[in-house]
Amino acid sequence: MTQRPMRTIFPWLLACSAGVWMTAAGAGAAFSQPKTTNDGVYTRAQAAGAKKQFDKICADCHAFTVPAKKKPKDLPLGDEPFFENWAGRPLNELVTLIALTMPNDGSATVTEKEAVNLVAYMLQQNGFRPGPKPLTKASASAVIERPKKSPKK
């Protein structure tokens, strides 16, 4: 039995694997970047509809900036503390946390749909631009990023 030199097999393997990758990529396989909070994942109307609920059950403990905190233990829903904890994580983790644990004093309950809308309001208040479709539990796989600054005109 004769052995083939590696120099003839390696290019063949490389060509085969490249061909498979190119075929899959050309067919639109899942090689795209995941959506982020900078991709317009909520609607303006959805966020506006959640403001009243936010003011009623969230605002006492959650400001959007560190300077706006009312009590030292309050957790801001923006600024560095928020993004240090949540950047890189999917929105659905935040939705689930809100639906299962907020408000933490037990004074109300938040459904999953309400939690999704509250997250849309949070995105709006943090300067994320709205998009054409409302945020849903299914679309909440978008990853939380810091808001991109709009170019100055």
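The opening position of the sequence shown corresponds to residue 96 in the working numbering, with each subsequent residue numbered one higher.
In this text, a Cβ means the ideal position worked out from N, Cα and C, and glycines have one as well.
Straight-line gap, residue i to residue j (C-alpha atoms, nearest Å)
i, j, result
"PHE177", "PHE159", "9 Å"
"LYS147", "SER236", "25 Å"
"GLU207", "VAL214", "11 Å"
"GLY183", "ASN221", "16 Å"
"LYS228", "THR138", "6 Å"
"ALA125", "LYS244", "In this prediction, ALA125 has a pLDDT of 49, which is less than 50 and means its spatial position is unreliable; nothing more can be read from the coordinates."
"GLU175", "ALA142", "22 Å"
"ASN249", "ILE239", "Because residue 249 is not part of the residues shown, which for the chain are 96 to 248, the question remains open."
"LEU88", "VAL211", "What the structure shows of the chain is the stretch from 96 to 248, and residue 88 is not part of that stretch, so it cannot be assessed."
"SER202", "LYS168", "18 Å"
"PHE223", "GLY135", "7 Å"
Per DSSP, cross-strand counterpart(s) of residue i
i, result
"VAL238", "THR131 and PRO185"
Residue i classed as buried or exposed, judged by whether at least 16 other C-beta atoms fall within 10 angstroms
i, result
"VAL161", "exposed"
"PRO225", "buried"
"GLU209", "buried"
"GLY173", "buried"
"GLN128", "exposed"
"ASN180", "exposed"
"ASN199", "exposed"
"LEU192", "exposed"
"ALA233", "exposed"
For residue j and residue i, believed in contact at Cβ under 8 Å, the rounded distance
i, j, result
"LEU218", "THR132", "6 Å"
Within the region 137-197, note down every full alpha helix (DSSP H) run reaching 4 residues or more, in order along the chain.
-> Correct list: 139-152, 174-181 and 186-196.
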